[in-house]
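**Q**
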Amino acid sequence: MRRRRQAGFSYIEVLVGIIVLGIVAAGIAEGLAQSSLLIGKSKADTIAHNIAAAELDQAHRMAYDDLGVVGGNPPGLIPASRTATQSGQTFTIATNVAYVDDQALGQPKNYVNYKKVSVTVTPATGTTAPVTQSTLVAPPSIGAIAGKATAVVTVIDSSTAEPLAGVQVTVDQSTSPARTATTDANGQVVFAGLEPSAIPPTDPRYQYRLTAARTGYVTHASTSPDVMQQHLAAKQTWNATIKMFKPATVTVRLRDKATGAWVTEAATATLETAAPVRVESIFGTTGQFSFTQIAGVPIEPGQYTVKVQPDCYTPVTLPAAAMPAGYPSTTTHVVDVDLDGLPHGYLDVRIVDDVNGSVIPGARVQVLGGDKGIQPVIRAVDANGWVHYCLEPTNSIKYVVAGAASGYATASVLVQVAANATTSMEVRLRRVVNSCGIRLDARTPNKLVRLRGTGSTVYDQYQPTSSAPGAGFGTAFFPSLLPGTYLAYVENGFVAGDINWSPSAGKAVSCIAGNPDRAYRVP
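Numbering-wise (my numbering), the sequence shown opens with residue 14 and increments by one.
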């Protein structure tokens, strides 16, 4: 016989009931939360719409000339961004004001028919999407917009001619307050409603000026602020184009062609451009030269020639090439130059004071001539008064070594350089008081002339005559001399490696105190 079930619920039944009740309660709570969230979003959205509508209503009540953003285009009294709190919620209010052109059929554009006011209200909590409302505000009368001027500005890359977006353009310095606006995707910005410029050309407000700024870019010299200036009359539209570019860096690296090692002998690297002609030279001993400017201005993309004048190696001139390759994505360009070694010896020159033998700070050494007739190579002394050169060995023609310093008479000597050896020498300079200068005219360019002191005047210098066209053609100038008598010569061939001077006894010339450029013909 079966047993009858006891009254009440078992433990398992009770536990299941509790779980079911919990699930139901959670669902109800979630539903209530979702409902509360929707109600909150709806409330925030309503408040945002009401704020935007109120802002637009206030814009319609403002004086037309005041309707604009502080520091904007057009300028006015409305903050570009501010916050407001309503019903315990914080909102950000962003306002933009822009002129609208409504060109009538057959009438010219004046760009200022209306002002469009756009207000975007965003809740700080992010519970609802931003709300944007706009309105058009008409001028109170035709007089409010009559007689205004306009500047339509386009900004392009000077190398690619592509429009540049995101450029901050400013118009200022005339009768309207300064305005700044950002170029759009077409690289354009319009400054409408400008007051006509002041009439007298002597008035500092006679011209408006345009300037542009964007991170990583500079303004091209052809459209610099000094160029972008214009007097604007009533109803005039100024269509202006500003060119900008990303400055480039050109790095020149020198390698030994035979070993592949970087060259660390003294060298001068030169960067040149043909149109317009600009030249920049860097001297160094690391084998690497970084150019960030040329003739004092940033390097713009274009055709450049690299020249290298190294010690111990054959000079190199590379064909003109586009630099930097890959612009505007790339603004750096590396030029590796492989150099052929030359037979060489070393020359170390020290410049000192003739009286006490002390080092002369800022003194310079010039070396020229030799069998290959090298052009003058000028270098400054180091802290100990020394200058180091690596030169091709001499055979029949010696090098001319000259020392010079401010306040001292220049002195020079002839020197031979042996292969695989170091020649060290000292050049002594004498201080000059009441100096004078002598110009020797050989009437032939690139002719070596000599000026030698007489009596107690210790001086002996050599120079080639100038090949540059003009008044100095065929002459050589010897400045900062001690007053006195000198002997002048002109080279007339070589004998056993030494120069044959003419006339053999020299031509007597006088250097007169206070006369900086006394001229003589030689021989």
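For every residue, glycine included, the Cβ atom is placed at its ideal position computed from N, Cα and C. Fair warning: this is a prediction, and the values are worked out from it, not measured in the lab.
Leaving out five residues on either side along the sequence, give the residues of the same chain with a beta carbon under 8 Å from the beta carbon of V368.
**A** Same-chain partners within the cutoff: R443, R444.
**Q** What are the start and end residues of the beta strand (DSSP E) that includes V83?
**A** It is not in any beta strand (DSSP E) - V83 carries neither H nor E in the DSSP assignment.
**Q** What does the Cβ neighbour count give for T232, buried or exposed, with the cut at 16 atoms within 10 Å?
**A** That one is buried.
**Q** Out of curiosity, what's the CA-to-CA distance linking M336 and W399?
**A** Computed Cα separation, rounded: 37 Å.
**Q** Do you know how far the Cα of V292 is from the Cα of Y167?
**A** It is worth fixing the name first, because residue 167 is Thr in this sequence and not Tyr. Near 31 Å, if we compare the C-alpha coordinates of V292 and T167.
**Q** Three-state secondary structure (DSSP) at S307?
**A** This sequence places Ile at residue 307; Ser is not what is there. Of the three classes helix, strand and coil, the one that applies to I307 here is strand, per DSSP.
**Q** Per the DSSP calculation, A424 is bridged to which residue(s)?
**A** Bridge partners of A424: G416.
**Q** Counting C-beta neighbours from all protein chains within 10 Å, is the total for N433 16 or more, i.e. buried, or is it exposed?
**A** So N433 counts as exposed.
**Q** Rounded to whole angstroms, what's the CA-CA distance from A501 to V522? Just pull it up for me.
**A** C-alpha separation (whole angstroms): 7 Å.
**Q** In three-state DSSP terms, what is G527?
**A** Reduced to three states, the DSSP call for G527 is coil.
**Q** Can you give the Cα-Cα distance for G84 and T183, rounded to whole angstroms?
**A** Spanning the two alpha carbons is a distance of roughly 11 Å.
**Q** In this structure, how does DSSP classify K460 when only helix, strand and coil are distinguished?
**A** Three-state DSSP puts K460 in coil, outside helix and strand.
**Q** Taking 8 Å as the limit between beta carbons, can you name the residues of its chain near V503, skipping five residues before and five after?
**A** These residues qualify, in order along the chain: L453, A455, K460, L461, V462, R463, W514, S515, V535, P536.
**Q** Quick check: what's the CA-CA separation for S171 versus M257?
**A** Distance between the alpha carbons of S171 and M257: 5 Å.
**Q** What did DSSP end up calling K259 once you bin it into helix, strand or coil?
**A** It is coil, neither helix nor strand.
**Q** Comparing alpha-carbon positions, which option in T224, T173, V125 lies nearest P152?
**A** The shortest Cα separation from P152 among T224, T173, V125 belongs to V125.
**Q** How many whole angstroms separate the CB atoms of T108 and V132, which I take to be in contact at a CB cut-off of 8 Å?
**A** About 5 Å separates the two Cβ atoms, so the contact holds.
**Q** Tell me the DSSP secondary structure of A157 in three-state form.
**A** Correct three-state label for A157: helix.
**Q** Label S189 either buried or exposed according to how many other C-beta atoms from any shown protein chain fall within 10 Å of its C-beta, with 16 as the threshold for buried.
**A** S189 comes out buried.
**Q** For a test of the three-state rule: what should DSSP assign to D128, helix, strand or coil?
**A** The sequence given here has Lys at residue 128, not Asp. In this structure, K128 counts as strand in the three-state DSSP scheme.
**Q** Could you tell me whether the Cβ atoms of V265 and F296 are closer together than 9 Å?
**A** Going by C-beta atoms, V265 is not nearer than 9 Å to F296.
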